[in-house]
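Going by the numbering used here, the residue at position 3 of the sequence shown is 68; the numbering climbs one at a time, nothing skipped. Note that CB positions come from ideal geometry on N, CA and C, so glycine has one too.
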Amino acid sequence: MLICTVNFKQQKMKKSIFSIAFLALVTFASAQITTNAGTFTKPDAGDTMFELQFMPNLQGSGMFSDSEVAYGAFMMRKFDSSTKAKRYMASLEVSDSGMDGADTSFDLLVGYGIENHFAGAERLSTYWGYQGGLAYANNAEGGDGSTVGVVAGLFLGAEYYFIPNVYIGTELGYNLGINAVSPDGGDGVTSWGLGSGVTGFLRLGFKL
66 MLICTVNFKQ QKMKKSIFSI AFLALVTFAS AQITTNAGTF TKPDAGDTMF
116 ELQFMPNLQG SGMFSDSEVA YGAFMMRKFD SSTKAKRYMA SLEVSDSGMD
166 GADTSFDLLV GYGIENHFAG AERLSTYWGY QGGLAYANNA EGGDGSTVGV
216 VAGLFLGAEY YFIPNVYIGT ELGYNLGINA VSPDGGDGVT SWGLGSGVTG
266 FLRLGFKL
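Here it is as structure tokens:
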């Protein structure tokens, strides 16, 4: 799991508990549901999948949380075999307050990773892997200057196919993040962090 915002932060405990509970739920569900063989065929060599990552809003009326967007908000996965896949991740956020003299702020993140899949079950796919990424932001969190970040880590994940070719999943992992901050009119600062967290919270994807 990698958390990649420009500033490396651990997620709140309740989000980690939410993801752990989800992993337990899909494992239980896969053991209880019986389908005709082949109906929920999991990815194999040559398959391509696309994915959106998000955090549901559990406290308000909106569908999604307005908290930080997780690393790899959009992802494409290319399977070399039923047990090995490459992932390509990207996220872009742009905002402008509209005030006179204010600059447009943006965050750009790109990443690449490898997944190693286990046998799992008919609807349940489990895997582990590793990934890395680069991030760049100007006016991070409303400040002046720019930030360049590097992040790398290991992850463990699961995804559950609730209808053919469409799945929902989550990941847990351990990450190392390094940020180089260059404020306007000041000396640069390098910060780093190492710790566990949640990637994407929930992942919704489909197979082509």
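Rounded to whole angstroms, what is the Cα-Cα separation between residue 241 and residue 227? 33 angstroms
Roughly how many whole angstroms lie between the Cα atoms of residue 111 and residue 162? 44 angstroms
Once the 5 residues before and after residue 11 are set aside, which same chain residues still bring their CB inside 6 angstroms of it? With the chain running from 66 to 273 in the structure shown, residue 11 is simply not present.
Beta strand (DSSP E) segments (min. 3 residues) lying fully within the stretch 166 to 220: 170 to 182, 189 to 203
Distance check for residue 109 and residue 225, CA to CA, integer angstroms please. 16 angstroms
Would you grab the beta carbon distance between residue 239 and residue 218 for me? Rounded to a whole angstrom, and I think it's under 8 angstroms. 5 angstroms
Proximal residues to residue 179 (C-beta, below 8 angstroms), its chain only, five neighbours per side dropped: 149, 150, 151, 152, 194, 195, 196
Buried versus exposed call for residue 129 [16 or more other C-beta atoms within 10 Å across all chains shown]: In this predicted model, residue 129 has a pLDDT of only 46, less than 50, meaning its place in the structure is not dependable; the value taken from the coordinates is given anyway. That one is exposed.
Can you tell me where the beta strand (DSSP E) holding residue 273 begins and where it ends? Looking at the DSSP string, residue 273 is not in any beta strand (DSSP E), and its letter there is neither H nor E.
Residue 114 in three-state terms, based on DSSP: strand
By how many angstroms is the C-alpha of residue 174 removed from the C-alpha of residue 139? 10 angstroms
Thinking just about the alpha-carbon of each residue, which of 248, 223, 247 is nearest to the one in residue 236? 223
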